[in-house]
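K.L.:
In the UniProt record's numbering, the protein residues as written are 1 to 348.
Take this structure, written in structure tokens, and hold onto it; I'll ask about it next.
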Amino acid sequence: MNPYVLSILLMSLGLGTTLTFMSSHWLLAWMGLEINTLAIIPLMAQKHHPRAVEATTKYFLVQATAAAMILFAASSNAWICGQWDINQMSHPITSTITMTALALKIGLAPLHLWLPEVLQGITLTTGMILSTWQKLAPLALIIQTANNTHPFLLTALALCSTLVGGWGGLNQTQLRKILAYSSIAHLGWMILVSQMAPQMTLIALITYIVMTTAAFLMLNNINSTKIITLASAWTKAPTLTALTCLVMLSLGGLPPLTGFMPKWLIIQELANQGLTPTATIIALTALLSLYFYLRLTHALTLTLSPQTTNTTTPWRTPTKHPTLALSLFTILATCLLPITPTVFTLLI
Numbered sequence: 001m002n003p004y005v006l007s008i009l010l011m012s013l014g015l016g017t018t019l020t021f022m023s024s025h026w027l028l029a030w031m032g033l034e035i036n037t038l039a040i041i042p043l044m045a046q047k048h049h050p051r052a053v054e055a056t057t058k059y060f061l062v063q064a065t066a067a068a069m070i071l072f073a074a075s076s077n078a079w080i081c082g083q084w085d086i087n088q089m090s091h092p093i094t095s096t097i098t099m100t101a102l103a104l105k106i107g108l109a110p111l112h113l114w115l116p117e118v119l120q121g122i123t124l125t126t127g128m129i130l131s132t133w134q135k136l137a138p139l140a141l142i143i144q145t146a147n148n149t150h151p152f153l154l155t156a157l158a159l160c161s162t163l164v165g166g167w168g169g170l171n172q173t174q175l176r177k178i179l180a181y182s183s184i185a186h187l188g189w190m191i192l193v194s195q196m197a198p199q200m201t202l203i204a205l206i207t208y209i210v211m212t213t214a215a216f217l218m219l220n221n222i223n224s225t226k227i228i229t230l231a232s233a234w235t236k237a238p239t240l241t242a243l244t245c246l247v248m249l250s251l252g253g254l255p256p257l258t259g260f261m262p263k264w265l266i267i268q269e270l271a272n273q274g275l276t277p278t279a280t281i282i283a284l285t286a287l288l289s290l291y292f293y294l295r296l297t298h299a300l301t302l303t304l305s306p307q308t309t310n311t312t313t314p315w316r317t318p319t320k321h322p323t324l325a326l327s328l329f330t331i332l333a334t335c336l337l338p339i340t341p342t343v344f345t346l347l348i
């Protein structure tokens, strides 16, 4: 892609997200979401492959549907209550439609079916943008509108997402689909406490972005998109393979890695709010996600590459990928747990 076109698209992505962050009016927030969608579509379709075109079409249709629902809910709320303010979404029907549309936009279960298929059809770099940056603007709107939404809807979306995110990734062999189901499960954790403790939603979002970016950069560096190719990753980058295992376990939420921090704080907050059954269910669903992360770790470290494989065997060759971002995100994805007391103090 032409570097000038690429720079314009990336700046448009930043503009759309910033516009949604800054807006208190539903029309401006909707415009920001639309700019975001239109800016990433050329990035998704740049390979001109049938799978990429299919994924782009699916993404466009889903995002257009969600945007139309948001505009309809905002217009209805202005008609009923006379308010275009995001924080004044007071009517129960319009707030429910808005939350459903935002859930469709980011891929919360049971509105998640488009996300694994779209992520499977695009490159790892574009998939990283779709899994991290594209979640920011809708989640900002979810945090702002959560107080006007029925708690049962948020809890149902959250528990359904963690269950589907864990269960759906169990039998997958494609790494991008596994990361898509991982995204669904993590979003469920964020949504669960968005009403009672939005600052913990923010912490969970930041740690999710750090860990997911590190995972995508590592898979891009070792050029793996299927589990079967992970077995030969050690021939190319032994140190990176070991660090990839740590990042996967961090995504699973194992201590003493970074991913344990948001899960720990969220379960503690749920217990303090008297929601012990909800905390128990969401902790059990986290075990499902942990299984397929352990499966990836097993494939990376304890499996030899098969003698007959349909893919080109990658040997240890000089890589052309920049490693500064990879090093930074790997450190952040594995070593932030010791600052948990500081984060907890800042929250209180």
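Built from N, CA and C at the ideal position, the CB exists for glycine as well.
Source: prediction; values computed, not measured.
#1: Do N148 and M218 have their C-beta atoms closer together than 7 Å?
#2: Classify H48 as buried or exposed, calling it buried when 16 or more other Cβ atoms lie within 10 Å of its own Cβ.
#3: Does the count of Cβ pairs from the region 104-123 and the region 169-182 closer than 8 Å reach three?
#4: Inspect the CB distances between the region 276-283 and the region 234-244 and report whether three or more fall short of 8 Å.
#5: Quick one: Cα of Q134 to Cα of E34, how far?
#6: On the DSSP bridge list, what partners appear for Q174?
#7: How far does the alpha helix (DSSP H) with residue 351 in it reach, from first residue to last?
#8: Are the Cβ atoms of L157 and L205 separated by less than 7 Å?
#9: Please report the residue range of the alpha helix (DSSP H) in which H298 lies.
#10: Measure the alpha-carbon distance for G168 versus N220 and round it to whole angstroms.
#11: Give the DSSP-derived three-state secondary structure of H186 in the structure shown.
#12: Just confirm the distance between the C-beta atoms of S194 and I142, as a whole number of angstroms; I'd bet it's less than 8 Å.
#13: Does Y181 pass the burial test, meaning 16 or more other C-beta atoms within 10 Å, or should it be called exposed?
#14: Suppose you measure from the CA of I228 to the CA of L300; what does that come to, to the nearest Å?
#15: With distances taken from CA atoms, which of Q46, I282, M196 and M248 is nearest G127?
#16: Along the chain, where does the alpha helix (DSSP H) containing N36 start, and where does it finish?
#17: When you compare only the Cα positions, how much space is there between A145 and S224?
#18: In chain order, what are the residue ranges of uninterrupted alpha helix (DSSP H) at least 4 long that sit wholly in the region 76-149?
#19: Since S161 and D85 should fall inside the 8 Å C-beta cutoff, what is the C-beta to C-beta distance between them, to a whole number of angstroms?
#20: Go through its chain and collect everything with a Cβ distance to E54's Cβ below 7 Å, but skip five positions before and after it.
#21: Could you give the distance in angstroms between the alpha-carbon of L27 and the alpha-carbon of L136?
#22: Enumerate in chain order the residues of its own chain whose CB-to-CB distance from A333 is below 6 Å, with the five nearest sequence positions on each side excluded.
#23: Rounded to the nearest angstrom, what separates P42 and T345 at their Cα positions?
#24: Pick helix, strand or coil for A242, following the three-state DSSP scheme.
P.N.:
Concretely, from the data shown:
#1: The sequence position of residue 148 within the sequence shown is 148, counting from 1. The sequence position of residue 218 within the sequence shown is 218, counting from 1. Taking 7 Å as the Cβ cut-off, N148 and M218 do not qualify as a contacting pair.
#2: Within the sequence shown, residue 48 is the residue found at index 48, counting from 1. It is exposed - the Cβ of H48 has fewer than 16 other Cβ atoms within 10 Å.
#3: Counting Cβ pairs under 8 Å, three or more are found: they touch.
#4: The region 234-244 and the region 276-283 do not touch, with fewer than three beta-carbon pairs separated by less than 8 Å.
#5: Here residue 134 refers to the residue found at position 134 when the sequence shown is read from its first residue. Here residue 34 refers to the residue found at position 34 when the sequence shown is read from its first residue. Spanning the two alpha carbons is a distance of roughly 11 Å.
#6: Here residue 174 corresponds to residue number 174 of the sequence shown, with the count starting at 1. Looking at the DSSP assignment, Q174 forms a beta bridge with K226.
#7: A question about residue 351 goes unanswered here, because the residues of the chain that appear run from 1 up to 348.
#8: Taking the sequence shown and counting its residues from 1, the one referred to as residue 157 is at position 157. Taking the sequence shown and counting its residues from 1, the one referred to as residue 205 is at position 205. The beta carbons of L157 and L205 sit no closer together than 7 Å.
#9: Mapped onto the sequence shown, residue 298 falls at position 298. Taken as a continuous stretch (DSSP letters only), the alpha helix (DSSP H) holding H298 covers T276 to T301.
#10: Within the sequence shown, residue 168 is the residue found at index 168, counting from 1. Within the sequence shown, residue 220 is the residue found at index 220, counting from 1. Per the coordinates, the alpha-carbon of G168 lies some 23 Å from the alpha-carbon of N220.
#11: Taking the sequence shown and counting its residues from 1, one reaches residue 186 at position 186. Note: H186 maps to helix in three-state DSSP.
#12: In the sequence shown, residue 194 corresponds to position 194, counting from 1. In the sequence shown, residue 142 corresponds to position 142, counting from 1. Correct: roughly 6 Å between the Cβ atoms.
#13: Taking the first residue of the sequence shown as position 1, residue 181 is located at position 181. Of the other Cβ atoms in all chains shown, 16 or more fall within 10 Å of the Cβ of Y181; this residue is therefore buried.
#14: Within the sequence shown, numbered from 1, the residue matching residue 228 stands at position 228. Within the sequence shown, numbered from 1, the residue matching residue 300 stands at position 300. Spanning the two alpha carbons is a distance of roughly 9 Å.
#15: By one-based count along the sequence shown, residue 127 stands at place 127. Minimum Cα distance to G127 is reached at Q46.
#16: In the sequence shown, the residue the question calls residue 36 occupies position 36. Run containing N36: W26 to M44, per the alpha helix (DSSP H) assignment.
#17: Residue 145 sits at position 145 when you count from the first residue of the sequence shown. Residue 224 sits at position 224 when you count from the first residue of the sequence shown. Looking at the sequence shown, residue 145 is not Ala but Thr. The alpha-carbon atoms of T145 and S224 are separated by roughly 39 Å.
#18: You should have 92-106, 114-120, 124-131 and 136-145.
#19: The residue labelled residue 161 in the question sits at position 161 within the sequence shown. The residue labelled residue 85 in the question sits at position 85 within the sequence shown. With 8 Å as the limit, S161 and D85 do not qualify as a contact, their Cβ atoms being about 28 Å apart.
#20: As a first step, residue 54 must be located in the sequence shown, where it is residue number 54. Leaving aside the five residues that flank E54 on each side, the residues in its chain whose CB is nearer than 7 Å to its CB run, in chain order, G121.
#21: Against the sequence shown, residue 27 aligns to sequence position 27. Against the sequence shown, residue 136 aligns to sequence position 136. Taking the CA atoms as reference points, L27 sits about 18 Å from L136.
#22: On the sequence shown, position 333 is the one that residue 333 refers to. Excluding positions up to five away in sequence, the list reads V210, M211, A214, V247, S250 and T258.
#23: Working through the sequence shown from its first residue, we reach residue 42 at position 42. Working through the sequence shown from its first residue, we reach residue 345 at position 345. Distance between the alpha carbons of P42 and T345 is about 43 Å.
#24: As a first step, residue 242 must be located in the sequence shown, where it is residue number 242. Note: A242 maps to helix in three-state DSSP.
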